[in-house]
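**Q** Take 1 as the starting number for the sequence shown in full-length UniProt numbering and just add one per residue.
Glycine is no exception: its CB is placed at the ideal position from the N, C-alpha and C atoms.
Since this is a predicted model, take the numbers as computed values, not measurements.
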Amino acid sequence: MSSAAAQHLPRKESRELLGHEGAVLAVRFNRDGNYCLSCGKDRTLRLWNPHTGALVKTYKSHAREVRDVHSSSDNAKLVSCGADRQIFYWDVSTGRVIRKFRGHNSEVNSVKFNEYNAVVVSAGYDRTVRAFDCRSQSSDPIQTIDTFQDSVMSVILTKTEIIAGSVDGTVRTFDIRMGRETVDNLGHPVNCISLSNDSNCLLANCLDSTVRLLDKTTGEMLQEYKGHACKVSLNIILVFFEDVLGVANASFKMDCCLTNDDAYVVGGSENGYIFFWELVDAPVVASFRAHSSVVTSISYHPTKACMLTSSVDGSVRVWN
């Protein structure tokens with residue numbers, strides 16, 4: 001399905017980035033969109049030039065699968081997390097692990113730098129969000145938030161807030177300056193959250209196969225988007241990255257985001273499809289088969305009509 005207004009959306013595959021062995025669990029553009037990072041079941045991080053297809057560097061130190069990766073705004077440092085319970089803080093150029101942050105007692109699902117690259121925040125299966133000081137020599141958290149009732153799947157940061165989505169069905173916002181927590185209960189497990197480019201709205205991908213658009217300040221639901229498949233059961237989510245026979249592909253976290261002009265919502269599906277929804281009225285304006293299995297991650301270029309996707313099928317694909 002497509003509309004004339006959406007013809008400029010990136011739906012043509014320009015290249016495939018191959019090298020991971022097994023599922024690719026996350027792919028992220030760096031801040032300026034010139035490079036990207038991927039990570040996966042093979043315990044590696046990979047730095048690519050997605051515009052040429054060149055693999056620049058491979059980072060190896062994790063003992064188990066790597067679930068998320070984020071680059072600092074100056075592109076000098078990386079942070080990654082996974083099933084080995086630690087957060088790895090890397091030097092990009094040398095590939096050296098500067099520090100391993102500890103504190104989570106189970107798998108870590110999501111990790112982010114703050115705007116100034118001084119603090120790293122992580123979200124874990126142990127129902128906590130933890131903050132670490134990159135400037136300190138300590139590997140222990142400087143803050144722990146433990147008000148969640150279930151696994152925390154996704155975390156994002158603003159200048160003054162930590163925002164996290166959880167399997168307990170909530171999106172929680174923590175005002176760092178005021179020490180205040182705001183809870184928005186969506187009623188269904190939250191798989192992923194994403195911030196609009198103008199920072200006014202939040203997207204939440206829920207396990208009832210809807211993506212919800214929320215006003216970041218009030219928590220009001222502004223719109224919801226349907227058509228994709230994201231129906232992971234709570235039983236599956238409990239073992240969602242383990243090598244358990246019979247666990248469905250649907251057990252992987254699935255990203256959602258907005259295009260760089262905040263005009264369209266982008267989401268992946270269990271069947272390998274990518275969906276684009278018009279932001280305001282929520283029709284599906286385009287959809288296409290991007291992968292042969294679950295789409296785990298989507299990253300939109302900061303300025304161009306270009307998009308990265310990753311999948312359980314082991315590939316990263318570049319779309320223009």
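1) Based on Cα-Cα distance, which residue from Gly103, Met178, Tyr225 and Thr52 lies nearest to Ile87?
2) Evaluate contact between the region 90-98 and the region 111-126, counting only Cβ atoms and requiring at least three cross-stretch pairs below 8 angstroms.
3) What is the rounded straight-line gap between the Cα of Ser154 and the Cα of Asp168?
4) To which residues of the same chain is Phe288 closer than 7 angstroms at the C-beta, ignoring the five residues directly before and after it?
5) Tell me which same chain residues have a C-beta within less than 6 angstroms of the C-beta of Asn320, skipping the five on either side of it?
6) Quick check: Ser199 and Lys216, are their CB atoms within less than 9 angstroms of each other?
7) So, with DSSP's three-state summary, where would you put Ala204?
8) For Lys60, which residues from the same chain have a beta carbon less than 6 angstroms from its beta carbon, with the 5 sequence-adjacent residues on both sides left out?
9) Residues in its own chain within less than 7 angstroms of Ala290 by CB, not counting five upstream and five downstream?
10) Quick one: grab the DSSP three-state call for Ala6.
11) Could you tell me which whole beta strand (DSSP E) segments of length 3 or greater appear in the region 271-308?
12) Taking just the CA atoms, how far does Asn30 sit from Leu17?
13) Short of 6 angstroms in beta carbon distance, which residues of its chain neighbour Thr58, apart from the five on each side in sequence? Order them along the chain.
14) Comparing C-alpha positions only, which one of Ala164, Ala123 and Asn75 sits nearest to Arg67?
15) From what residue to what residue does the beta strand (DSSP E) around Leu186 run?
16) Give me the Cβ distance between Thr147 and Glu181, rounded to the nearest whole Å; I'm assuming they're in contact under 8 angstroms.
17) State yes or no: is the C-beta of Leu157 within less than 9 angstroms of the C-beta of Leu213?
18) Go ahead and label Leu245 buried or exposed: buried means 16 or more other beta carbons lie within 10 angstroms of its beta carbon, across all protein chains shown.
19) Can you look up Asn235 in the DSSP assignment and give me helix, strand or coil?
20) Using a Cβ-Cβ cut-off of 6 angstroms (strictly less than) and excluding sequence neighbours within five positions of Val183, which residues of its own chain qualify?
21) Taking the alpha-carbon of Asp261 as reference, which of Glu220, Leu195 and Ser209 has the nearest alpha-carbon?
22) Report back the beta-carbon spacing between Leu78 and Leu25 to the nearest angstrom; my notes put them in contact at under 8 angstroms.
23) Please state the DSSP three-state secondary structure of Val167.
24) Starting from the C-beta of Thr144, find all residues in its chain whose C-beta is less than 6 angstroms away, skip the five residues before and the five after it, and write them out in chain order.
25) Would Phe101 and Ser139 qualify as a contact pair, given that the criterion is a beta-carbon distance under 9 angstroms?
26) For Pro141, is the classification buried or exposed, using 16 other Cβ atoms within 10 angstroms of its Cβ as the cut-off for buried?
27) Please classify Ile98: is it buried, with 16 or more other beta-carbons within 10 angstroms of its beta-carbon, or exposed?
28) Just the Cα atoms here: how many angstroms apart are Val247 and Ala83?
29) What would DSSP say about Tyr89, mapped onto helix, strand or coil?
30) List the DSSP bridge partners of Leu258.
31) Around the Cβ of Val265, are there at least 16 other Cβ atoms within 10 angstroms (buried) or fewer (exposed)?
32) Tell me whether Tyr59 sits in a helix, a strand or coil according to DSSP, three-state version.
**A** Walking through what the data contain:
1) Residue mapping note: residue 87 aligns to position 87 of the sequence shown, counting from 1. Out of Gly103, Met178, Tyr225 and Thr52, Gly103 has the C-alpha closest to the C-alpha of Ile87.
2) Segment contact: the region 90-98 against the region 111-126, fewer than three CB-CB distances shorter than 8 angstroms; contact not assigned.
3) Taking the sequence shown and counting its residues from 1, one reaches residue 154 at position 154. Taking the sequence shown and counting its residues from 1, one reaches residue 168 at position 168. For Ser154 and Asp168, the distance between alpha carbons rounds to 12 angstroms.
4) Translated into the one-based positions of the sequence shown, residue 288 becomes position 288. Excluding positions up to five away in sequence, the list reads Arg11, Tyr273 and Ile274.
5) In the sequence shown, residue 320 corresponds to position 320, counting from 1. Counting only Cβ-Cβ distances below 6 angstroms, and skipping sequence neighbours, we find Pro10, Lys12, Ser14 and Cys306.
6) In the sequence shown, counting from the first residue as 1, residue 199 sits at position 199. In the sequence shown, counting from the first residue as 1, residue 216 sits at position 216. The Cβ atoms of Ser199 and Lys216 lie closer than 9 angstroms to each other.
7) Stepping through the sequence shown from its first residue, residue 204 is reached at position 204. In the structure shown, Ala204 sits in a strand (DSSP, three-state: E or B).
8) By 1-based counting over the sequence shown, the position of residue 60 is 60. Close CB contacts of Lys60 within its chain, under the 6 angstroms cut and outside five residues either way in sequence, are with Thr44 (chain order).
9) For the purposes of this step, residue 290 is identified with residue 290 of the sequence shown, where counting begins at 1. Non-local C-beta neighbours of Ala290 in its own chain, meaning closer than 7 angstroms and more than five positions away in sequence, comprise Gly272, Tyr273, Ile274, Thr309 and Arg317, ordered along the chain.
10) In the sequence shown, the residue the question calls residue 6 occupies position 6. Shown here, Ala6 sits in a helix according to DSSP, grouped into three states.
11) Listed in chain order, the complete beta strand (DSSP E) runs (minimum 3 residues) inside the region 271-308 are 273-278, 284-289 and 295-300.
12) Against the sequence shown, residue 17 aligns to sequence position 17. Against the sequence shown, residue 30 aligns to sequence position 30. A direct Cα-Cα distance of roughly 16 angstroms separates Leu17 from Asn30.
13) What you label residue 58 is simply residue 58 of the sequence shown in a count that begins at 1. Counting only Cβ-Cβ distances below 6 angstroms, and skipping sequence neighbours, we find Thr44 and Arg46.
14) The count along the sequence shown starts at 1 and reaches residue 67 at position 67. Answer by Cα proximity: Ala123.
15) As a first step, residue 186 is located in the sequence shown; it is residue number 186 there, counting from the start. Annotation: Leu186 is outside any beta strand (DSSP E) and is labelled neither H nor E by DSSP.
16) Within the sequence shown, numbered from 1, the residue matching residue 147 stands at position 147. Within the sequence shown, numbered from 1, the residue matching residue 181 stands at position 181. With 8 angstroms as the limit, Thr147 and Glu181 qualify as a contact, their Cβ atoms being about 6 angstroms apart.
17) Here the question's residue 157 lines up with position 157 in the sequence shown. Here the question's residue 213 lines up with position 213 in the sequence shown. At a Cβ-Cβ threshold of 9 angstroms, Leu157 and Leu213 do not count as neighbours.
18) Here residue 245 is taken as the residue at index 245 of the sequence shown, counted from 1. Unreliable placement is indicated for Leu245, whose pLDDT of 28 sits below 50; the coordinate value is still reported in the next sentence. Exposed is the label assigned to Leu245, since fewer than 16 other Cβ atoms lie within 10 Å of its Cβ.
19) As a working mapping, residue 235 is identified with position 235 in the sequence shown. Residue placement at Asn235 cannot be trusted, given a pLDDT of 38 that sits under 50; what the coordinates show is reported in the next sentence. Asn235 carries a helical assignment under DSSP once its states are collapsed to helix, strand and coil.
20) Reading the sequence shown from its first residue, position 183 is the one you call residue 183. Cβ neighbours of Val183 beyond the five flanking positions: Thr170 and Arg172.
21) As a working note, residue 261 is residue 261 in the sequence shown. The shortest C-alpha separation from Asp261 is found at Leu195.
22) For the purposes of this step, residue 78 is taken as residue 78 along the sequence shown, with counting starting at 1. For the purposes of this step, residue 25 is taken as residue 25 along the sequence shown, with counting starting at 1. A Cβ-Cβ distance of about 15 angstroms is found for the pair Leu78 and Leu25, leaving them out of contact under the 8 angstroms criterion.
23) The sequence position of residue 167 within the sequence shown is 167, counting from 1. In the structure shown, the three-state DSSP call for Val167 is coil.
24) Within the sequence shown, the letter at position 144 stands for residue 144. For Thr144, same chain residues with a beta-carbon under 6 angstroms away, outside a window of 5 residues either side, are Thr128 and Arg130 in chain order.
25) Here residue 101 is taken as the residue at index 101 of the sequence shown, counted from 1. Here residue 139 is taken as the residue at index 139 of the sequence shown, counted from 1. Ser139 sits close to Phe101, with the two beta carbons spaced by under 9 angstroms.
26) On the sequence shown, position 141 is the one that residue 141 refers to. Buried.
27) By one-based count along the sequence shown, residue 98 stands at place 98. It is exposed - the Cβ of Ile98 has fewer than 16 other Cβ atoms within 10 Å.
28) Within the sequence shown, residue 247 is the residue found at index 247, counting from 1. Within the sequence shown, residue 83 is the residue found at index 83, counting from 1. Reliability of the predicted coordinates at Val247 is poor, the pLDDT of 27 falling under 50, and the value obtained from them is presented with this limitation in mind. A straight-line Cα-Cα distance of about 17 angstroms links Val247 and Ala83.
29) By 1-based counting over the sequence shown, the position of residue 89 is 89. Tyr89 falls in the strand class under three-state DSSP.
30) On the sequence shown, residue 258 is found 258 positions in, with the first residue counted as 1. In the DSSP output, where bridge partners are listed per residue, Leu258 has Val265.
31) By one-based count along the sequence shown, residue 265 stands at place 265. It counts as buried.
32) Against the sequence shown, residue 59 aligns to sequence position 59. Shown here, Tyr59 sits in a strand according to DSSP, grouped into three states.
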